[in-house]
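Take a look at the structure set out below.
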Amino acid sequence: FASITEPKGAPSSHVMGKQLYWLVGDDPTDDTAYHLLAPLYATALTHRFYAQVSPNTWFFGDHNKAARKALKDKAPFEGGYTSYPNLAVQKLGGTKPQNISQLNSERGGQNYLLASLPPNWDSREVYAPMRDPFRA
């Protein structure tokens, strides 16, 4: 029973696992001057983000339904409208998301990812009088 705490073979990681070597000493050529870090998935942060971004919350909510109706009817609307364009879904756990974690099971294995695209640049059509491009 005491042999449970004994390691089996050499330490290893999955080939797809992300690892990072962090220099803790002064000599970067010394292989013993590094700590191996394995970043963990931020499950609690993902769960909070899922609760806020979930389409059941923002898209089908009464406030946003009223805002979309006002936009369709071209009527004024008090308050803002929430939209998450290009939202991606990452599935974890396949057919058994409960095997990943309790929070992942509550999300049905779905994680939402925001788009990380650069902004579109629109040139200004109005210039300051001293920088008028049409003046000589």
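If you use this note's numbering, the sequence shown closes out at 140, no skipped numbers anywhere. Note that beta-carbon positions come from the ideal geometry of N, C-alpha and C, so glycine has one too.
Is the distance from the Cβ of residue i to the Cβ of residue j below 7 angstroms?
i: residue 41; j: residue 26; result: yes
i: residue 117; j: residue 102; result: no
i: residue 97; j: residue 113; result: yes
i: residue 57; j: residue 39; result: no
i: residue 107; j: residue 51; result: yes
i: residue 86; j: residue 60; result: no
Which residue's Cα is closest to the Cα of residue i: the options?
i: residue 44; options: 23, 78 and 83; result: 23
i: residue 80; options: 86, 70 and 88; result: 70
i: residue 82; options: 47, 89 and 74; result: 74
i: residue 109; options: 15, 48, 19 and 32; result: 48
i: residue 99; options: 90, 111 and 19; result: 111
i: residue 55; options: 122, 77 and 115; result: 115
i: residue 119; options: 37, 65 and 88; result: 88
i: residue 104; options: 65, 92, 46 and 123; result: 46
Just reading off the beta strand (DSSP E) that residue i is part of, what are its end residues?
i: residue 93; result: 92-95
i: residue 62; result: Segment 59-62 is the alpha helix (DSSP H) holding residue 62; no beta strand (DSSP E) there.
i: residue 115; result: 114-117
Can you tell me which residues form a DSSP beta bridge with residue i?
i: residue 18; result: Bridge partners of residue 18: none, in fact.
i: residue 88; result: Paired residue(s): none; residue 88 is not in a bridge.
i: residue 25; result: 40
Where do the ends of the alpha helix (DSSP H) carrying residue i lie?
i: residue 40; result: Here residue 40 belongs to no alpha helix (DSSP H); instead the beta strand (DSSP E) covers 38-41.
i: residue 44; result: Element bounds for residue 44: n/a, residue is neither H nor E.
i: residue 75; result: 66-76
i: residue 103; result: Looking at the DSSP string, residue 103 is not in any alpha helix (DSSP H), and its letter there is neither H nor E.
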